[in-house]
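Counting from 1, position 55 in the sequence shown corresponds to residue 126 in our numbering; the numbering is continuous, with no gaps.
Quick reminder that beta carbons are idealized off the backbone N, C-alpha and C, glycines included.
Have a look at the structure below before the remarks.
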Amino acid sequence: MSIDYDDEYPSCERTDVVLRIYPGERDPGWITRTLGIEPSSVNRQGEQSINSLGLVRTSQINSWFLSSAGQLASKDSRRHLDWLLDALAGAEDRIKELVMDSTVRIDVICVWWSAAGHGGPVLSPAQMSRLADLGLQLGFDLYFFLRPMASPTQCLRLVSSISGYWI
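Given below as structure tokens:
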């Protein structure tokens, strides 16, 4: 069954999916060698890096990530999830072994930013089946942002209607 993607997905500002693997005490390079897949990024326990705010942070844990961010222009999470699942093709048995390893935490996260304060990602039955076959949990990280209003008067009306007080 093919998916009718909606790459413009009107209620979505931005989306991506990430396979997250936390290998415990093992170096993230072990995951790369095990899967035969290059990650989008890794963190090594104790290493310092600059975060998106320009602040220095020290990684507290080892982690390995494969992300669709920057790989697709689509706002349809289904396309991003298919990209990820297709990237894992050929490594299914190794993914299942990692899922069964009690020293490894592994999941998929769908990050979804609302464009209008409502809506959300959709999955197809085939995608749910593929995730289940791999033993992977899927989580959602949803963000709802209000766009700036046209005038201070509109902002005051919103605040007063929410609080019940006129300002």
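Top-ranked residue by Cα proximity to residue i, from the options
i, options, result
"L90", "I121, Y214 and G210", "G210"
"T86", "C181, V170 and L106", "C181"
"L205", "D157, Q142, F216 and E96", "D157"
"Y296", "V170, L213, L152 and S200", "The structure shown does not extend to residue 296, since the chain is modelled only from 72 through 238, so no value can be given for it."
"Y93", "S139, Q119 and P110", "P110"
"A144", "G125, Y80, E168 and L213", "Y80"
"A197", "T174, I121, W183 and R149", "R149"
"E163", "L126, L207 and S173", "L207"
"W135", "W101, S200 and S195", "W101"
Whole-Å CB distance - residue i paired with residue j, under 8 Å assumed
i, j, result
"D147", "D98", "Rounded, the Cβ-Cβ distance is 35 Å, inconsistent with contact."
"I108", "L137", "6 Å"
"L202", "V179", "7 Å"
"T129", "Q119", "5 Å"
Distance between residue j and residue i (C-alpha atoms, nearest Å)
i, j, result
"S82", "G190", "6 Å"
"I74", "G117", "43 Å"
"V113", "N133", "8 Å"
"A160", "I166", "10 Å"
"F216", "A186", "7 Å"
"P192", "A140", "16 Å"
"E96", "T105", "15 Å"
"W183", "L155", "15 Å"
"S234", "V175", "Note that S234 scores 44 on pLDDT, short of 50, meaning its location in the model is unreliable and no value can be drawn from it."
"I121", "R115", "13 Å"
"S195", "V88", "15 Å"
For residue i, three-class secondary structure by DSSP
i, result
"Q119", "strand"
"V53", "Summary: the structure shown does not reach residue 53, with the chain confined to residues 72 through 238, and so no result is reported for it."
"E84", "strand"
"R165", "helix"
"R91", "strand"
"L137", "strand"
"S112", "strand"
"T105", "helix"
"A160", "coil"
"R97", "coil"
"Q198", "helix"
"D153", "helix"
Beta-bridge pairing of residue i - partner residues as DSSP gives them
i, result
"G210", "I180"
"E128", "First, the amino acid is wrong: residue 128 is Arg here, not Glu. Paired residues: S120."
"F215", "S185"
The ligand SAM heavy atom lying under 7 Å from the CB of residue i
i, result
"E168", "The ligand SAM is absent from the structure shown, which contains no ligand whatsoever."
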